[in-house]
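**Student:** -3 is the number of the first residue of the sequence shown in our numbering; add one for each residue after it. Cβ coordinates follow ideal geometry from the N, Cα and C atoms, glycine included. Bear in mind the structure is a predicted one, so any value in this text is a computation, not a measurement.
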Amino acid sequence: MTVPSLPFCILMDAVGMASYMFPGIGETFDVVWAPISGFIFMKSFGGMTGKIGGLIAMVEEAAPFIDVIPTFTIGHFYVKHQMRKNKK
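Here's what the structure looks like:
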């Protein structure tokens, strides 16, 4: 299980939320960004977390009005928590 850096995760979430800054083209951007986001999540996190998280990231970006959920950042803290839990 790999853990992408927190700044990387925040940047990826910011890219996903950027569509709100451009009224009219936002939804088109989301349709294009959704599969890219899912793929980046899957490759960044790897394993089952990457696969499930990638699917969640793709659905979250494609669905209207829920782009504000910071999927990458939540994934970062989830993996960090799992790694700490497994060390005990």
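Quick one, are the C-beta atoms of Thr45 and Gly71 less than 8 Å apart?
**Tutor:** yes
**Student:** Does DSSP put Asp63 in a helix, in a strand, or in coil?
**Tutor:** coil
**Student:** Can you find a C-beta in chain C that's less than 8 Å from the C-beta of Phe35?
**Tutor:** No chain C appears in the structure shown, which is made up of a single protein chain.
**Student:** For Phe18, name the three-state secondary structure that DSSP assigns.
**Tutor:** coil
**Student:** With a CB to CB cut of under 8 Å and the five nearest residues on each side skipped, what residues in its chain are close to Val27?
**Tutor:** Excluding positions up to five away in sequence, the list reads Ala58.
**Student:** Enumerate in chain order the residues of its own chain whose CB-to-CB distance from Phe37 is below 6 Å, with the five nearest sequence positions on each side excluded.
**Tutor:** Gly49, Gly50 and Ala53
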